[in-house]
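A.B. asks: If you scroll down you'll find the structure; I have some questions about it.
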Amino acid sequence: MPIETHKIQVESEGNNQVVDITPRLIDTLNHADISNGVATLFVLGSTAGITTTEYEPGLVNHDLKDCFDRIAPEKGRYEHEKTWQDDNGHSHLRASLLGPSLTVPIQDCKPTLGTWQQIVLIDFDTRPRQRHIVVQLIGE
Amino acid sequence: MPIETHKIQVESEGNNQVVDITPRLIDTLNHADISNGVATLFVLGSTAGITTTEYEPGLVNHDLKDCFDRIAPEKGRYEHEKTWQDDNGHSHLRASLLGPSLTVPIQDCKPTLGTWQQIVLIDFDTRPRQRHIVVQLIGE
Amino acid sequence: MPIETHKIQVESEGNNQVVDITPRLIDTLNHADISNGVATLFVLGSTAGITTTEYEPGLVNHDLKDCFDRIAPEKGRYEHEKTWQDDNGHSHLRASLLGPSLTVPIQDCKPTLGTWQQIVLIDFDTRPRQRHIVVQLIGE
Numbered sequence: 001m002p003i004e005t006h007k008i009q010v011e012s013e014g015n016n017q018v019v020d021i022t023p024r025l026i027d028t029l030n031h032a033d034i035s036n037g038v039a040t041l042f043v044l045g046s047t048a049g050i051t052t053t054e055y056e057p058g059l060v061n062h063d064l065k066d067c068f069d070r071i072a073p074e075k076g077r078y079e080h081e082k083t084w085q086d087d088n089g090h091s092h093l094r095a096s097l098l099g100p101s102l103t104v105p106i107q108d109c110k111p112t113l114g115t116w117q118q119i120v121l122i123d124f125d126t127r128p129r130q131r132h133i134v135v136q137l138i139g140e
Numbered sequence: 141m142p143i144e145t146h147k148i149q150v151e152s153e154g155n156n157q158v159v160d161i162t163p164r165l166i167d168t169l170n171h172a173d174i175s176n177g178v179a180t181l182f183v184l185g186s187t188a189g190i191t192t193t194e195y196e197p198g199l200v201n202h203d204l205k206d207c208f209d210r211i212a213p214e215k216g217r218y219e220h221e222k223t224w225q226d227d228n229g230h231s232h233l234r235a236s237l238l239g240p241s242l243t244v245p246i247q248d249c250k251p252t253l254g255t256w257q258q259i260v261l262i263d264f265d266t267r268p269r270q271r272h273i274v275v276q277l278i279g280e
Numbered sequence: 281m282p283i284e285t286h287k288i289q290v291e292s293e294g295n296n297q298v299v300d301i302t303p304r305l306i307d308t309l310n311h312a313d314i315s316n317g318v319a320t321l322f323v324l325g326s327t328a329g330i331t332t333t334e335y336e337p338g339l340v341n342h343d344l345k346d347c348f349d350r351i352a353p354e355k356g357r358y359e360h361e362k363t364w365q366d367d368n369g370h371s372h373l374r375a376s377l378l379g380p381s382l383t384v385p386i387q388d389c390k391p392t393l394g395t396w397q398q399i400v401l402i403d404f405d406t407r408p409r410q411r412h413i414v415v416q417l418i419g420e
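Here the protein sequences line up with chains G, R and Z, keeping their order. The numbering of the first sequence is this note's numbering, which starts it at 1 and goes up by one. The numbering of the second sequence is this note's numbering, which starts it at 141 and goes up by one. The numbering of the third sequence is this note's numbering, which starts it at 281 and goes up by one.
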């Protein structure tokens with residue numbers, strides 16, 4: 001039965017950096033045997049998430065950060081930080097709310113996206129991270 | 141291998157309109173060859189999202205809108221709007237946070253939902269839109 | 281074609297209780313015939329959701345609750361509650377925002393999680409509930 005496991009590795013600066021991973025997914029699909037089905041993207045770790053957005057500077061560099069800062073303020077006080085003596089309580093909350101995974105239909109080796117819709121990783125951690133995304137393809 | 145691609149088209153008024161698409165999915169399943177597996181629903185575009193809710197007027201016409209207005213206020217100021225000279229910065233943020241897709245198990249041609257749980261599209265854009273949802277079925 | 285439907289039943293106290301269901305998924309996988317593919321977890325009902333987090337007391341008992349209380353305050357006023365004369369308007373909003381499902385890749389009978397990443401059910405309802413999660417496995 002046609003299942004393929006691929007991996008995408010992303011270098012991120014953290015601090016709410018929004019990384020467009022659409023080209024990486026398309027590159028993966030170009031090297032895969034499955035051309036129709038679904039791709040499940042899942043980021044390992046509990047301080048990053050995956051969603052879609054229009055990848056333009058206003059949203060990516062400003063608005064998304066402001067929005068997440070309303071939901072889980074960077075300067076807030078978190079019990080998590082007392083546990084570990086660290087500073088990324090807000091990162092965990094943002095990641096849990098956004099969710100670690102996205103499942104997207106694949107047709108003819110391409111994800112079925114809108115014209116102004118890109119798949120993005122948002123890295124909420126407070127330091128640079130190397131991120132590992134599992135891409136599970138199921139199809140034919 | 142059993143994969144089927146279907147499409148659901150929805151006319152929406154935008155402005156946080158919540159559209160119950162459960163009957164549309166059930167109709168799709170009634171015309172499909174796959175009766176057990178999973179359905180991945182994915183809305184094209186970056187100003188709408190998919191989730192589940194109890195489809196009753198209080199939540200659908202008032203509470204969900206108020207909630208999303210706390211997260212990304214309609215009257216807020218967004219860098220996105222400077223980029224495009226438009227007015228839907230909040231729409232993009234809400235859509236990214238909610239997410240464009242839902243994967244739901246299918247048993248005997250029906251989605252496995254709770255009694256008071258419906259699958260909904262929420263259209264956050266600021267004008268009427270025709271929405272296209274890809275429904276990818278995988279199963280038997 | 282290899283599809284398996286399993287069920288996980290969870291007793292919850294509600295009120296934003298965060299339940300680690302990773303051991304339950306692993307137990308399910310240990311009794312399944314499918315060892316590689318994806319698992320779609322879907323909670324029935326419209327007042328609970330599924331995501332991942334680091335399962336430590338600070339986040340689980342305090343920070344996640346505070347975060348959801350900013351998004352949909354427990355003491356808020358909701359039209360939903362006028363409809364049904366109940367008190368769980370905030371529960372519905374939190375559940376819709378978090379989403380009822382998670383799709384996770386499976387490799388060698390295990391979900392592909394980060395070291396500090398667990399799969400959790402968050403029960404937002406205002407009373408104890410027995411929760412039913414459908415686990416749909418597709419793979420080989």
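Every residue, glycine too, gets a C-beta built ideally from N, C-alpha and C.
Using a threshold of 8 Å, state whether the C-beta atoms of Ile138 (chain G) and Ala48 (chain G) are closer than that.
C.D. replies: Numbered from its first residue, the first sequence carries residue 138 (chain G) at position 138. Numbered from its first residue, the first sequence carries residue 48 (chain G) at position 48. No, these two residues do not count as a Cβ contact at 8 Å.
A.B. asks: Is it buried or exposed for His311 (chain Z), if we count other Cβ within 10 angstroms and need 16 for buried?
C.D. replies: Residue mapping note: residue 311 (chain Z) aligns to position 31 of the third sequence, counting from 1. Counting Cβ neighbours within 10 Å, His311 (chain Z) comes out exposed, since fewer than 16 surround it.
A.B. asks: What residues in the region 315-326 of chain Z bring their beta carbon closer than 7 Å to a beta carbon of chain R?
C.D. replies: Hits within the stretch, in order: Thr320, Phe322, Leu324, Gly325 and Ser326.
A.B. asks: So, using beta-carbon positions, are Asn181 (chain R) and Ile174 (chain R) closer together than 8 Å?
C.D. replies: The residue labelled residue 181 (chain R) in the question sits at position 41 within the second sequence. The residue labelled residue 174 (chain R) in the question sits at position 34 within the second sequence. Note that residue 181 (chain R) corresponds to Leu in the displayed sequence, not to Asn. No. Outside cutoff.
A.B. asks: Just list the residues that DSSP pairs Phe322 (chain Z) with in beta bridges.
C.D. replies: As a position in the third sequence, residue 322 (chain Z) is number 42, starting the count at 1. For Phe322 (chain Z), which the question treats as bridged, DSSP gives the partners Z:Ser381 and Z:Val414.
A.B. asks: Decide if Asp203 (chain R) is buried, meaning its Cβ has at least 16 other Cβ atoms within 10 Å, or exposed.
C.D. replies: What you label residue 203 (chain R) is simply residue 63 of the second sequence in a count that begins at 1. Under this definition Asp203 (chain R) is a buried residue.
A.B. asks: CB Gln225 (chain R) to CB Asp160 (chain R), shorter than 8 Å?
C.D. replies: One-based indexing of the second sequence puts residue 225 (chain R) at position 85. One-based indexing of the second sequence puts residue 160 (chain R) at position 20. No, the pair does not count as a contact, with Cβ atoms beyond the cut-off.
A.B. asks: Check for me: the beta strand (DSSP E) holding Glu11 (chain G) runs from which residue to which?
C.D. replies: As a first step, residue 11 (chain G) is located in the first sequence; it is residue number 11 there, counting from the start. Residues Ile3 to Ser12.
A.B. asks: Spatial neighbours of Tyr358 (chain Z) within its chain, please: CB distance less than 6 Å, with the 5 preceding and 5 following residues excluded, ordered by chain position.
C.D. replies: If you number the third sequence from 1, residue 358 (chain Z) lands on position 78. The answer, listed in chain order, is Gly369.
A.B. asks: In the DSSP output, what is Arg350 (chain Z) paired with across the bridge?
C.D. replies: Position 70 of the third sequence, counting from 1, holds the residue named residue 350 (chain Z). Paired residues: none, contrary to the question.
A.B. asks: Can you name the residues of chain Z whose CB is closer than 8 Å to the CB of Pro105 (chain G)?
C.D. replies: Here residue 105 (chain G) corresponds to residue number 105 of the first sequence, with the count starting at 1. The contacting residues do not exist; Pro105 (chain G) stays about 13 Å from chain Z at best.
A.B. asks: For Val159 (chain R), list the residues DSSP reports as bridge partners.
C.D. replies: Translated into positions along the second sequence, residue 159 (chain R) becomes position 19. According to DSSP, which records beta bridges pairwise, Val159 (chain R) is partnered with R:Leu261.
A.B. asks: Which residues, taken in chain order from the region 87-118 of chain G, show a beta carbon closer than 8 Å to some beta carbon of chain Z?
C.D. replies: Residues Gly89, His92, Leu93, Ala95, Ser96, Leu97, Gly99, Pro100, Ser101 and Thr103.
A.B. asks: By the three-class DSSP mapping on this structure, what secondary structure does Gly338 (chain Z) have?
C.D. replies: Taking the third sequence and counting its residues from 1, one reaches residue 338 (chain Z) at position 58. Reduced to three states, the DSSP call for Gly338 (chain Z) is helix.
A.B. asks: In terms of residues, what are the limits of the beta strand (DSSP E) holding Thr332 (chain Z)?
C.D. replies: Sequence index remark: in the third sequence, residue 332 (chain Z) carries index 52 (1-based). Residues Ala328 to Thr333.
A.B. asks: Taking just the CA atoms, how far does Val260 (chain R) sit from Thr193 (chain R)?
C.D. replies: The residue labelled residue 193 (chain R) in the question sits at position 53 within the second sequence. The residue labelled residue 260 (chain R) in the question sits at position 120 within the second sequence. Distance between the alpha carbons of Thr193 (chain R) and Val260 (chain R): 7 Å.
A.B. asks: Could you work out which residues of chain R lie near Gln83 (chain G), taking near to mean beta carbons separated by less than 9 Å?
C.D. replies: On the first sequence, position 83 is the one that residue 83 (chain G) refers to. Note that residue 83 (chain G) is Thr in the sequence shown, not Gln. Those within 9 Å of Thr83 (chain G) in chain R number zero; the least Cβ separation is about 26 Å.
A.B. asks: I'd like to know whether the C-beta atoms of Thr252 (chain R) and Val244 (chain R) end up nearer to each other than 8 Å.
C.D. replies: Within the second sequence, residue 252 (chain R) is the residue found at index 112, counting from 1. Within the second sequence, residue 244 (chain R) is the residue found at index 104, counting from 1. A contact, by the Cβ cut-off of 8 Å.
A.B. asks: Assign Asp125 (chain G) to one of two classes, buried (16 or more other C-beta atoms within 10 Å of its C-beta) or exposed (fewer than that).
C.D. replies: Walking along the first sequence from the start, residue 125 (chain G) turns up at place 125. Buried.
A.B. asks: Tell me, which residues are paired with Lys222 (chain R) by DSSP?
C.D. replies: Reading the second sequence from its first residue, position 82 is the one you call residue 222 (chain R). Paired residue(s): none; Lys222 (chain R) is not in a bridge.
A.B. asks: Name the residue from Z:Asn296, Z:Thr285, Z:His286 and Z:Glu284 whose alpha carbon lies nearest to the alpha carbon of Arg407 (chain Z).
C.D. replies: Counting from one through the third sequence, the residue named residue 407 (chain Z) turns up at place 127. Ranking Z:Asn296, Z:Thr285, Z:His286 and Z:Glu284 by Cα distance to Arg407 (chain Z) puts Z:Asn296 first.
A.B. asks: If we call anything under 8 Å between Cβ atoms a contact, is Ile133 (chain G) one with Val10 (chain G)?
C.D. replies: Reading the first sequence from its first residue, position 133 is the one you call residue 133 (chain G). Reading the first sequence from its first residue, position 10 is the one you call residue 10 (chain G). In contact: Ile133 (chain G) and Val10 (chain G) (Cβ atoms closer than 8 Å).
A.B. asks: Using 8 Å as the threshold, is the C-beta distance between His220 (chain R) and Gly45 (chain G) below it?
C.D. replies: If you number the second sequence from 1, residue 220 (chain R) lands on position 80. If you number the first sequence from 1, residue 45 (chain G) lands on position 45. For His220 (chain R) and Gly45 (chain G), no; Cβs fall outside 8 Å.
A.B. asks: Residues in the same chain with beta-carbon distance under 7 Å from Lys345 (chain Z), minus the five sequence neighbours each way, listed in chain order, please.
C.D. replies: Within the third sequence, the letter at position 65 stands for residue 345 (chain Z). For Lys345 (chain Z), where only same-chain residues beyond five positions count, the Cβ hits under 7 Å are Asn296.
A.B. asks: Note down, in chain order, each residue of its chain lying with its Cβ closer than 8 Å to the Cβ of Asn459 (chain Z), except the 5 sequence neighbours on either side.
C.D. replies: No answer is possible for residue 459 (chain Z): it lies beyond the span of chain Z, which begins at 281 and ends at 420.
A.B. asks: How would you list, in chain order, the residues of chain G whose beta-carbon sits under 9 Å from the beta-carbon of His342 (chain Z)?
C.D. replies: Translated into positions along the third sequence, residue 342 (chain Z) becomes position 62. In chain order: Tyr78, Glu79 and His80.
A.B. asks: Check the Cβ of Arg210 (chain R) against every Cβ in chain Z and list those closer than 7 Å, keeping chain order.
C.D. replies: For the purposes of this step, residue 210 (chain R) is taken as the residue at position 70 of the second sequence. The contacting residues are Ile351.
A.B. asks: Straight-line CA distance for Leu29 (chain G) to Val135 (chain G)?
C.D. replies: By 1-based counting over the first sequence, the position of residue 29 (chain G) is 29. By 1-based counting over the first sequence, the position of residue 135 (chain G) is 135. About 10 Å.
A.B. asks: Rounded to the nearest angstrom, what separates Ile8 (chain G) and Ser101 (chain G) at their Cα positions?
C.D. replies: On the first sequence, residue 8 (chain G) is found 8 positions in, with the first residue counted as 1. On the first sequence, residue 101 (chain G) is found 101 positions in, with the first residue counted as 1. So the alpha carbons of these two residues sit roughly 13 Å apart.
A.B. asks: How long is the line joining the alpha carbons of Arg83 (chain R) and Glu153 (chain R), rounded to whole angstroms?
C.D. replies: No information on residue 83 (chain R) is available, as it lies outside the stretch 141 to 280 that chain R covers here.
A.B. asks: Note down, in chain order, every chain R residue with its Cβ under 9 Å from the Cβ of Thr53 (chain G).
C.D. replies: Counting from 1 along the first sequence, the entry for residue 53 (chain G) is found at position 53. Near Thr53 (chain G) (Cβ distances below 9 Å), the residues of chain R are Ser186, His232, Leu233, Ala235 and Ser236.
A.B. asks: Could you tell me the alpha carbon to alpha carbon distance between Leu165 (chain R) and Gly76 (chain G), rounded to whole angstroms?
C.D. replies: Here residue 165 (chain R) refers to the residue found at position 25 of the second sequence. Here residue 76 (chain G) refers to the residue found at position 76 of the first sequence. Roughly 42 Å separates the two Cα atoms.
A.B. asks: Using the Cα positions of His232 (chain R) and Glu214 (chain R), report the straight-line distance between them to the nearest angstrom.
C.D. replies: On the second sequence, position 92 is the one that residue 232 (chain R) refers to. On the second sequence, position 74 is the one that residue 214 (chain R) refers to. Those two C-alpha atoms are separated by around 11 Å.
A.B. asks: Mapping the DSSP letters down to three states, classify Lys345 (chain Z) as helix, strand or coil.
C.D. replies: Walking along the third sequence from the start, residue 345 (chain Z) turns up at place 65. Helix.
A.B. asks: Please name the residue in Z:Gly379, Z:Glu336, Z:Thr363 and Z:Arg409 whose C-alpha comes closest to that of Lys82 (chain G).
C.D. replies: Numbered from its first residue, the first sequence carries residue 82 (chain G) at position 82. Ranking Z:Gly379, Z:Glu336, Z:Thr363 and Z:Arg409 by Cα distance to Lys82 (chain G) puts Z:Glu336 first.
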